[in-house]
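Below: the structure, in structure tokens.
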Amino acid sequence: MRIERRFTKPGQSAYAEIEFRKAISEIKNPDGSIVFRLADIDVPAQFSQVAADILAQKYFRKAGVPKILKKVEENDVPSFLWRSVADEKALAALPAEERYGSETDARQVFDRLAGTWTYWGWKGKYFSSEEDAAAFKDELAYMLATQRVAPNSPQWFNTGLHWAYGIDGPGQGHFYVDPFTGKLVKSKSAYEHPQPHACFIQSVEDDLVNEGGIMDLWVREARLFKYGSGTGSNFSYLRGEGEKLSGGGRSSGLMSFLKIGDRAAGAIKSGGTTRRAAKMVVVDIDHPDIEAYIDWKVKEEQKVAALVTGSKIVAKHLKAIMKACVNCEADNGACFDPNENPALKREIKAAKKDQVPENYIKRVIQFAQQGYKDLEFKTYDTDWDSEAYLTVSGQNSNNSVSLKDDFLRAVENDGEWNLTARKDGKVMKTLKARDLWEKISYAAWASADPGLHFNTTMNDWHTCPAAGPIRASNPCSEYMFLDDTACNLASLNLLQFKDAETKKINIADYEHAVRLWTVVLEVSVMMAQFPSRQIAELSYEYRTLGLGYANIGGLLMSSGIPYDSAEGRAICGALTAIMTGVSYATSAEIASELGPFPGFAPNRDNMLRVIRNHRRAAQGLAFGYEGLSVNPVPLIHADCTDPDLITHATAAWDKALELGEKHGYRNAQVSVIAPTGTIGLVMDCDTTGIEPDFALVKFKKLAGGGYFKIINAAVPEALRTLGYSESQIAEIDAYAVGHGNLNQAPGINPSTLKAKGFTDEKIEAVNGALKSAFDIKFVFNQWTLGADFLKETLKVSDEQLADMSFNLLEHMGFSKKDIEAANIHVCGAMTLEGAPFLKKEHLPVFDCANPCGKIGKRYLSVESHIRMMAAAQPFISGAISKTINMPNEATVEDCGSAYMLSWKLALKANALYRDGSKLSQPLNASLIEDADDEDGVDELLQQPMAAQAVTITERIVERIVDRVVREQEKLPTRRKGYTQKAKIGGHTIFLRTGEYDDGRLGEIFLDMNKEGSALRAFINNFAISVSLGLQYGVPLEEYVDAFTFTKFEPAGMVTGNDAIKNATSILDYVFRELAISYLGRHDLAHVDTSDFSNTALGRGMKEGKADVVSKGLTRGYKPTLVSSHTPAAASAEPKGAATAAPAKASATVTAFASTGATARKLEVATAVSTHEVVSFKRDYEERAVEFAEEIAEESVFTDAAADEAASAKAEAKKLEASRRMRSIAQGYTGNMCSECQNFTMVRNGTCEKCDTCGATSGCS
């Protein structure tokens, strides 16, 4: 093949005309802790901070990159393509720690990708000359560096590590077909043949344990999940529940096995991958278990609701019963008899009325009789990653139902539908087709699953039916082909092909990129290895590719064209037609040199039929299609404002058909529209895949950390295209983003504030806080202005200051209208609705997937999404990954109508997401906040969703109690503590504690013997950070909960510690020891040390061989132990305690466990001896009279501390809810990223992606 240069010049670097800059990549959690940091990296200057972060964090190779390389000569390969390995001799001269490291320059990544593709392309004889190979390499590197194109993530991870750096490892069970011999080979190398494929479809037979069967599928899936790929399978071959088995008995049914697979996928997720296992489950509509499958996620959502609601109801009643027992002061056990204790009787009746199990009620009373004073009963919440969702099944896959047209015709005609046995086709059940359709519609409305596969349409466009039908797809439904095949993807950034001067697509550049990247993907099939022998063989035989694009939404908006318009759909259709037409033509061009794909001959007629149908659609013909059940939506030439696009679209398909008839095709498929989640961020795309934009105002990341609001880059460009002046654009921009101060604000400004008593200093303080404020009401408070100013100047009472619903602006006399007008001026409307100068007829250009900002009401209709997909689908080999966003008020009928329209417009697949259809949707709690204000509820429901989110946020924030900023509590300069030496897995560790005078833990020191400087320094500094946290009031319990059971080396057997005999890590050991010693958490001990006299120290003291107090601490003074049998000590039991079951003298107050229904016992705290209460003589002589009261107070304090901890957790939940609501108002989904904990998730195909770190929640 001849390769033209369009972006680069021969004899100079591909980067010669590209500016690069130094950068620091840093991704932080919301609390400021650093998730990832890499300094002094080089990236193209045009890369945003987010793009640089994604490239550095996800795609830079972090280890094993040699600092000095040497070339490996190959006689049949040009020298510029020789692969590199570590230069061992030169490296030996460097310090050991400097020999290998990370990639630090984007050019290293671009070169290893482009170089590897070119290397394999040369070996496969894809180029006519060395000059063509050099041009190919340079052009690819340039396009990567200028964000024109990006391959799927596995290419970035794996491709080129062997070629560029000599990185290798043993085989991982992969296979490949040798491109030169055609023989199947089991790979012996991890990286020589990289794994560049992201999408897989796998078969599953109705066999339990043999190869290709059910249990074998879980193993094959696990291998893919481990390396970050996604997979889909059609499970319809599995027998339904009750069908006969060959060996006798009956099948347990489809659902039992789907639940096993779901658990297996969930285990991979919890095993440490950066995203959940990406999995698609498909079941045919005639399967006997189809009804249970459709209802699966609906019922699991109901289980979550039951867990959440039930746990809270039970916890409330059990605590009330416990309180009724504890607060009683009667004698002789009367407190625990409901006939004697009216409060207890009342609470038992209330509990039974709410269906609390009677054995639990009895259990709590028994706990109280035994002396327990409090109870912890685990409650659950609806967070999408919470234990409630982890408990139920069906959460680790996207579910789809595969429909054939005969079912859909039966729905239209109100016909009957048969569910048939898998082996003999016998009718198992007959029901109304519409009833089943209604069930699908309801399930999608209630739980966002299942999606639909329109199987007849999928197979009407199937290029290789002789090899078998298409039965399934990958997790996001863009790749649809034969079972046991794979697809590698790449996406073009459409906006980068828009000419800055003409404002049109540079078609020559676009076609050039399509041609070269078709070759890239074809070469990737040749060089790849695959996770199973079947996939390796079929991928070699059919060589499917997945070229696609992103940023159609950004392109249309920047061109001043509405997404929901005939013109927008025509441009989308034309660009798609050019891409796939040129790609098929390139595939035929390769076939002319290297031959068609091996499976072409038996499928020739069908493939050419499909190509002719694509061509007819490009020609704009409504009829005359061959072998289609549903005709596609053709390209409407008259709607396209750029006639050159139409000319090139039709010409591309003419050429594709002409060359295909002559040479055949190298690839059975060439294109899909993928979600482009992470790679979309690397290319700085405003929109992903075929999606519209989700918000007009974005939060742009700053290099030094933090964010600032900025208008979507497409908006100013669109306004210029529509004829607005620069001054008008500036005003519109300010309206959307806000001015960040009150200086020119209507209603509330320096003049009106001075009239209320504000000084210049206070106005300056307000303006300073407003720069980053989301709402002005969050700034006008005592923390910005000071409580004294509020009370003295603004006459705010102490009661008003303490009231979290208090609105200072309203108190000052400003009306709601004034406040809202000023709010929009300062913080921005985050929408263009109501913007100055903007004409009403131009509003559709700026419509997004969701209402924008606080006052935005416009958003794209469900139909507009479906019609845009229909415009592109006739020109895609595979399908389109997209979820149709529906408003919360959409009905079940709306869901059914959306699916029906998708079928009639010849889509291959679709999925719906109704806002609020998942319990994890934060807005589900909105009405509860306003239950006491019916007018408020009605008013709230009239607002758009984003405005509802803001209102709820305000009310949550208003209810957060005043936060006391705690000062650091310094330790005494001379303090108590102890040193514990132990060995963990053979590694010696010293733990030293420091205590306050009252015995509370205030600091720890950790040291390890004979360890490397890095680990030792880490351990030392970790101890310092924990100590600071303790001194600023972080409860030790929180550290214990966080760090016990953490797993890393060193770990194993523990020697030298009485209580702990095994630890999963250093941190696990340290916090077990601290919990046992300071919290009485003997549940974390392996040996019961609650009886102190049985410990080594206790025995030593009893035998007179050990002193209880350090001689150095007391400067030689040796305190004497005395015993006490005084009445004060004996009567230390708190009022209302259960006298029927006296506490043992040896037991101490213990914290409750973190799971299950556990209780805490309030008992008399004792020291040293188990037989008598003792104290040091000096303390005893000073405080003999108060001793019993001191113990009681200490016991009460322990309960108070627990309440305080519970309150802190509740406040943390409120804060999290507040952040969720703010994120929704900013255009995000409200879900938290599992990787960086930021609430910056956006819809991405059928999944979500994080705009902060690029992590995805599934398949993208």
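full-length UniProt numbering puts the first residue of the sequence shown at 1, with every later residue one more than the last. Even glycine gets a Cβ: it sits at the ideal position worked out from N, Cα and C. Given the structure is predicted, the values throughout are model-derived calculations rather than measurements.
Burial state of residue i (16 or more Cβ within 10 Å)
i	result
residue 195	buried
residue 1255	buried
residue 210	exposed
residue 596	buried
residue 522	buried
residue 427	exposed
residue 270	In this prediction, residue 270 scores a pLDDT of 38, lower than 50, which makes its location untrustworthy; the coordinate-derived value is nonetheless stated afterwards. Looking at its Cβ environment, which holds fewer than 16 other Cβ atoms inside 10 Å, residue 270 is exposed.
residue 203	buried
residue 517	buried
residue 242	exposed
residue 1072	buried
residue 831	buried
residue 12	exposed
residue 51	buried
residue 57	buried
residue 804	exposed
residue 1024	exposed
residue 460	buried
Nonlocal neighbours in the same chain, by C-beta distance under 8 Å from residue i, ignoring five residues either side
i	result
residue 285	401, 402, 403, 404, 407, 417 and 436
residue 770	740, 741, 742, 776, 779, 826 and 827
residue 167	61, 64, 65, 161 and 191
residue 781	808
residue 171	186, 187, 188, 189 and 190
C-beta atoms of residue i and residue j nearer than 7 Å
i	j	result
residue 561	residue 568	yes
residue 375	residue 318	yes
residue 874	residue 632	yes
residue 665	residue 591	yes
residue 234	residue 472	yes
residue 546	residue 487	yes
residue 622	residue 634	yes
residue 671	residue 544	no
residue 207	residue 240	no
residue 148	residue 493	yes
residue 185	residue 540	no
residue 324	residue 343	yes
residue 300	residue 394	yes
residue 304	residue 410	no
residue 479	residue 199	yes
residue 1051	residue 985	yes
residue 321	residue 347	yes
Contact set for residue i: own chain, Cβ-Cβ below 6 Å, skip 5 residues either direction
i	result
residue 159	113, 116, 194 and 196
residue 379	311, 312 and 315
Close Cβ partners of residue i (< 7 Å) along its chain, the five nearest in sequence each way excluded
i	result
residue 762	785 and 789
residue 721	503, 559 and 560
residue 625	613, 616 and 631
residue 876	576, 580, 671, 672 and 673
residue 80	134
Endpoints, the beta strand (DSSP E) within which residue i is located
i	result
residue 993	987–995
residue 489	485–493
residue 39	34–44
beta-carbon residue i near the ligand SAM non-hydrogen atom, thresh 6 Å
i	result
residue 477	In terms of ligand content, the structure shown is empty, and the ligand SAM therefore cannot be addressed.
Delimiting residues of the alpha helix (DSSP H) encompassing residue i
i	result
residue 86	Looking at the DSSP string, residue 86 is not in any alpha helix (DSSP H); the run it does join, the beta strand (DSSP E), is 83–86.
Chain D contact for residue i (CB, 7 Å cutoff)
i	result
residue 229	Note that chain D does not occur in the displayed structure, where there is just one protein chain.
Could you tell me which whole alpha helix (DSSP H) segments of length 4 or greater appear in the segment 644–694?
677–682
Where are the beta strand (DSSP E) runs, 3 residues long or more, that stay fully inside the segment 828–886, in chain order?
Entirely contained in the segment 828–886, the beta strand (DSSP E) runs reaching 3 residues are, in chain order, 883–886.
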